[in-house]
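Undergrad: Have a look at this one before I ask anything.
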């Protein structure tokens, strides 16, 4: 098992965001968490990345290591979990290349960095075309590609993706998900949270449904796509 989360509880002041959810992601899997806006999806990823404090009783392990013993920067550099946040959060005043290379700060193997850079450019040729361009001048789709490429360049073993389809035109959205599928097939474990439930379930192997901070359903993606409750609530 790659990632194990047990009894994850998170509160913001007196507001309970997550009420003790438990789930797993196996090595090499692609797993999605779907749910409405405000269900707690982003909070789940931020808790795994150690960006928000968790409550007593929470247990999280990754490849046998206790995640709670790692600060956020070491989750990336030591454990190899990279996070593509909602809204991309790229450095707009830096070039595409500078954004990509910044994420390699903790890596020592220059040869492997070069190989990964070539792989990013092969998946997202538009980034290579714009490598000297300021990231803030890219289109929304190109910025999403850059955010994913930056996470890839960190030396990731696992990627957490927060709403990668947000704001993208349908063709660009398909392109981004095709790229993610390639990365997953090459061995990168992926945990994805999405409001676009259909796209997420078509991409992932397994899924969880989050409602008001509680996991209410789980299963193989095909099962969830056929589930009447999921169809009614999330698939239109």
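Numbering (the working numbering), first residue to last: 124 to 359.
Glycine included, each C-beta is placed from N, C-alpha and C at the ideal position.
1. Please state the DSSP three-state secondary structure of residue 307.
2. Rounding to the nearest angstrom, what Cα-Cα distance links residue 340 and residue 242 in this structure?
3. Classify residue 164 as buried or exposed, calling it buried when 16 or more other Cβ atoms lie within 10 Å of its own Cβ.
4. Rounding to the nearest angstrom, what Cα-Cα distance links residue 285 and residue 295 in this structure?
5. Scan the segment 277 to 338 and note each continuous alpha helix (DSSP H) run of 4 residues or more that stays entirely inside, going in chain order.
6. Taking contact to mean at least 3 C-beta pairs separated by less than 8 Å, is the segment 312 to 320 in contact with the segment 275 to 285?
7. Buried or exposed, going by whether 16 or more other CB atoms sit within 10 Å of the CB of residue 297?
8. Does DSSP put residue 227 in a helix, a strand or coil?
9. Taking its Cβ as the centre, do 16 or more other Cβ atoms sit within 10 Å of residue 138, making it buried, or is it exposed?
10. Could you spell out the range, first to last residue, of the beta strand (DSSP E) harbouring residue 204?
11. Among the candidates 330, 301, 225, 202, whose CA atom is the shortest distance from the CA of residue 145?
12. With DSSP collapsed to three states, give me the class of residue 254.
13. If we count the other Cβ atoms within 10 Å of its Cβ and call it buried at 16 or more, is residue 326 buried or exposed?
14. Alpha carbon to alpha carbon, what distance is there between residue 213 and residue 226?
15. Over the uninterrupted alpha helix (DSSP H) stretch that includes residue 237, give me the two end residues.
TA: Reading from the atomic positions:
1. Within the chain shown, residue 307 is the residue found at index 184, counting from 1. Residue 307 carries a helical assignment under DSSP once its states are collapsed to helix, strand and coil.
2. The residue given as residue 340 occupies position 217 in the chain shown. The residue given as residue 242 occupies position 119 in the chain shown. Rounded to the nearest angstrom, the two C-alpha atoms are 36 Å apart.
3. Residue mapping note: residue 164 aligns to position 41 of the chain shown, counting from 1. It is buried - the Cβ of residue 164 has at least 16 other Cβ atoms within 10 Å.
4. Within the chain shown, numbered from 1, the residue matching residue 285 stands at position 162. Within the chain shown, numbered from 1, the residue matching residue 295 stands at position 172. Taking the straight line from one Cα to the other gives about 16 Å.
5. Taking 4 residues as the minimum length, the alpha helix (DSSP H) runs contained wholly in the segment 277 to 338 are 293 to 308, 320 to 326, in order along the chain.
6. yes
7. For this step, residue 297 is matched to residue 174 along the chain shown. Flag for residue 297 reads exposed.
8. For the purposes of this step, residue 227 is taken as the residue at position 104 of the chain shown. Reduced to three states, the DSSP call for residue 227 is coil.
9. Looking up residue 138 in the chain shown gives position 15. Counting C-beta atoms within 10 angstroms of its own C-beta, residue 138 has fewer than 16 neighbours from the protein chains shown and is therefore classed as exposed.
10. Taking the first residue of the chain shown as 1, we reach residue 204 at position 81. Start and end: 204 to 207.
11. One-based indexing of the chain shown puts residue 145 at position 22. Measuring C-alpha to C-alpha distances from residue 145 to each of 330, 301, 225, 202 identifies 330 as the nearest.
12. Here residue 254 is taken as the residue at index 131 of the chain shown, counted from 1. Three-state result, residue 254: coil.
13. Against the chain shown, residue 326 aligns to sequence position 203. Under this definition residue 326 is a buried residue.
14. To locate residue 226, count along the chain shown from 1; it is residue 103. To locate residue 213, count along the chain shown from 1; it is residue 90. If you take the alpha carbons of residue 226 and residue 213, they lie about 11 Å apart.
15. Position 114 of the chain shown, counted from the start, is the residue given in the question as residue 237. It spans 233 to 246 - the alpha helix (DSSP H) in which residue 237 sits, taken as one unbroken run.
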